[in-house]
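**Q**
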Amino acid sequence: MVAQGARIKRVSSYVVMLLISLVVVEAGFRTVLAFRVGPSVLFYGSRFQRQVIPADQTDKKHGNTQQGYTKFFPNESRIDFDHETKETFKVSINSRGFRGGEISETKKPGVIRIVTLGDSSTFGYHDRDNETYPYYLEQRLNEDLSSKDKFEVINLGIPHLHSEEILALFYAEAIPLQPDVVTVYEGITDAARGNPSLGQQLSTSTPLKAAYGVARDHLVTIAFIDSILQNTIAKPTFNRRQIDQHIAGTSEHFIGNIDKLYRECQRRGIILVALKQQAKSNIIKEAEMKGVTYAQEVQVIKDKLEKEGAIKDRELQLLTHSVLTTDLEHWADSNRVPFVNVQKVLDQDRDVLTTWIHLSPRGNRMIADALAKEITKRVGHQVVREPESRTQLGGSFGS
270 MVAQGARIKR VSSYVVMLLI SLVVVEAGFR TVLAFRVGPS VLFYGSRFQR QVIPADQTDK
330 KHGNTQQGYT KFFPNESRID FDHETKETFK VSINSRGFRG GEISETKKPG VIRIVTLGDS
390 STFGYHDRDN ETYPYYLEQR LNEDLSSKDK FEVINLGIPH LHSEEILALF YAEAIPLQPD
450 VVTVYEGITD AARGNPSLGQ QLSTSTPLKA AYGVARDHLV TIAFIDSILQ NTIAKPTFNR
510 RQIDQHIAGT SEHFIGNIDK LYRECQRRGI ILVALKQQAK SNIIKEAEMK GVTYAQEVQV
570 IKDKLEKEGA IKDRELQLLT HSVLTTDLEH WADSNRVPFV NVQKVLDQDR DVLTTWIHLS
630 PRGNRMIADA LAKEITKRVG HQVVREPESR TQLGGSFGS
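Each residue of the sequence shown is one higher than the last, beginning at 270 in the numbering used here.
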């Protein structure tokens, strides 16, 4: 009994020491990252990490029955870093919790207002304030100095938002700004999650993986280790059955939310422009990315699945993304919705993807140029002064 008690005491002391070590490592890691990415990382995994706008609040304010969404805290201090130089820089968050300068709810006379919706690729992760595609878009549209009207582009992109959250944000944040044009650039976030009706990602389909998922979502240290595993030594984990399960229903859910957004824009006389998002997995080495098209990379993943019977997480996400974005293009074509194929625009220059979805300044300029061309085809100076002509311009969408 004495020996057994001693063993229990010894094991307990080891467990306590291990927990203390984990707490010290986690606290130290958060402190270091707080200076690199901003103070909000100190609250990673808690409700204080991001401002949460609950569903009941959006429903009371705008009659939106969709779920809530998140955004940043007003005037939050955030730090990002250049993917190439690793140089850190400050990111501007305004009093509304979005990126950029202050936003006036009242639109000035002669202003054509554009609101950009999306996830981190719209927000501009790894890009400075003057390097995001919404910033370049405003510059591009205002190049004609002889124009009496002025274009204003408001960036409402928030990292990690799914399509239903973007829809909720549109109701609560975009509509009060009375935009003339709304753009939406998303897809990978929905593709990464998969079918929301499953209630969980495939990677957390067992009790052990579920526990790991909880730890990853609440501990910075585990999230960092997971990122390394996913990007380097992670082994194939998804078989054909799991892949089919992940993809089934994902596109329908995404397109359903985009369609609701479009119908609301149509009802209000707002022009919606949909963008086909560019992305990559880690199956192609970064040094070999230029010249490899999106479709070619998807085919490489399919060939790997055929040969090995399993693929990695990022590869599954791109495979799902290809289905989702192809369906988006078909939906836009059938509804005659203005559409910018960013995959095509960037296909020969996919080295502008600094990560799986985020873009270099050059990539953002390319998107802005293509988007500006589409918008100027749809919007004339008479749009602001003559609301009925805006409805006429949007008549190609149906009535």
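Beta carbons: idealized from backbone N, C-alpha and C, even for Gly.
1) DSSP beta-bridge partners for ALA543?
2) Is the beta carbon of ASP620 closer than 9 angstroms to that of GLU566?
3) Per DSSP, PHE358 is paired with what?
4) Determine the DSSP secondary structure at GLU657, reduced to helix, strand or coil.
5) Taking its Cβ as the centre, do 16 or more other Cβ atoms sit within 10 Å of LEU288, making it buried, or is it exposed?
6) DSSP on LYS581, reduced to helix/strand/coil?
7) When the Cβ atoms of the segment 543-553 are set against those of the segment 508-518, are three or more pairs found closer than 8 angstroms?
8) Under 9 angstroms between the Cβ atoms of GLU433 and ILE427?
9) Do ILE539 and PRO448 come within 9 angstroms of each other at the CB atom, strictly closer than that value?
10) In the DSSP assignment, find the alpha helix (DSSP H) that holds GLU433 and state where it starts and stops.
11) Mind reading off the beta-carbon distance from ASP398 to VAL360? Whole number of angstroms is fine, and I expect it under 8 angstroms.
12) At the level of alpha carbons, what is the spacing between ARG456 and HIS429?
13) Identify which residue in GLY366, GLU557, TYR338 has its Cα closest to the Cα of ARG347.
14) In terms of residues, what are the limits of the beta strand (DSSP E) holding THR385?
15) Determine the direct distance from the alpha carbon of VAL293 to that of SER282, and round the result to whole angstroms.
16) Please state if the CB of LYS559 and the CB of TRP625 are separated by a distance shorter than 9 angstroms.
17) Hey, would you say LEU386 sits closer than 9 angstroms to LEU446, going by beta carbons?
18) Below 8 angstroms, can you find three or more Cβ-Cβ pairs linking the segment 625-634 to the segment 395-410?
19) Give me the residue from GLY379, THR506, ILE362 with the minimum Cα distance to GLU577.
20) Is GLU400 helix, strand or coil when you go by DSSP?
21) Check whether the Cβ atoms of LEU597 and LEU588 sit closer than 9 angstroms, and answer yes or no.
22) Quickly, what does DSSP pair ASN424 with across the bridge? List them, please.
23) In this structure, does DSSP put LYS554 in helix, strand or coil?
24) Taking the continuous alpha helix (DSSP H) assigned at LYS642, which residues delimit it?
25) For a test of the three-state rule: what should DSSP assign to ILE322, helix, strand or coil?
26) Excluding the 5 residues flanking VAL606 on each side, which residues of the same chain have their C-beta closer than 7 angstroms to its C-beta?
27) Determine the closest residue to ALA461 out of ARG647, ALA296, ASP582, VAL280, with distance taken between C-alpha atoms.
28) Going by alpha carbons, who is nearest to GLN535 out of LYS278, VAL450, ASN344?
29) Beta-carbon separation of LEU585 and VAL609 under 9 angstroms?
30) Mark GLU521 as exposed unless 16 or more other C-beta atoms lie within 10 angstroms of its C-beta, in which case mark it buried.
31) Round the Cβ separation of ASP638 and ARG409 to the nearest angstrom and send it over; I've been treating them as touching at under 8 angstroms.
32) Sorted by chain position, which residues of the same chain lie with C-beta nearer than 6 angstroms to PHE523's C-beta, five sequence neighbours on each side aside?
33) Less than 9 angstroms between the C-beta atoms of TYR454 and ILE636, yes or no?
34) Measure the alpha-carbon distance for TYR402 versus THR623 and round it to whole angstroms.
35) To the nearest angstrom, how far is it from the Cα of LYS278 to the Cα of LEU291?
36) If you reduce the DSSP assignment to three classes, tell me which class PHE523 lands in.
**A** To lay it out plainly:
1) Under DSSP, ALA543 shares a beta bridge with VAL453, PHE608.
2) In this structure, ASP620 does not lie closer than 9 angstroms to GLU566 by Cβ.
3) ASP349
4) Confidence is the limiting factor: at GLU657 the pLDDT is only 37, short of 50, which leaves the residue's position unreliable, though a coordinate-based value still follows. Three-state DSSP puts GLU657 in a helix.
5) It is exposed - the Cβ of LEU288 has fewer than 16 other Cβ atoms within 10 Å.
6) coil
7) no
8) no
9) yes
10) 432-438
11) 7 angstroms
12) Here the sequence assigns Gly to residue 456, which means Arg is not the residue at that position. Going by the C-alpha atoms only, they are around 10 angstroms apart.
13) GLY366
14) 380-387
15) As the crow flies, the alpha-carbon of SER282 is around 16 angstroms from that of VAL293.
16) no
17) no
18) Taking a cut-off of 8 angstroms for Cβ pairs, the segment 625-634 and the segment 395-410 touch, as three or more such pairs fall below it.
19) THR506
20) helix
21) no
22) Residue pairing of ASN424 in beta bridges, as defined by DSSP: THR385.
23) Looking at LYS554 - three-state DSSP - the assignment turns out to be coil, as it is neither helix nor strand.
24) 630-647
25) strand
26) Cβ within range, chain order: TYR531, LEU541, ALA543, PHE666.
27) Taking only the C-alpha atoms, the option nearest ALA461 is ASP582.
28) VAL450
29) no
30) exposed
31) That belief holds up - the Cβ atoms of ASP638 and ARG409 are roughly 6 angstroms apart, short of 8 angstroms.
32) SER432, ASP459, LEU593, listed in sequence order.
33) yes
34) 14 angstroms
35) 20 angstroms
36) When DSSP states are grouped into helix, strand and coil, PHE523 belongs to the helix group.
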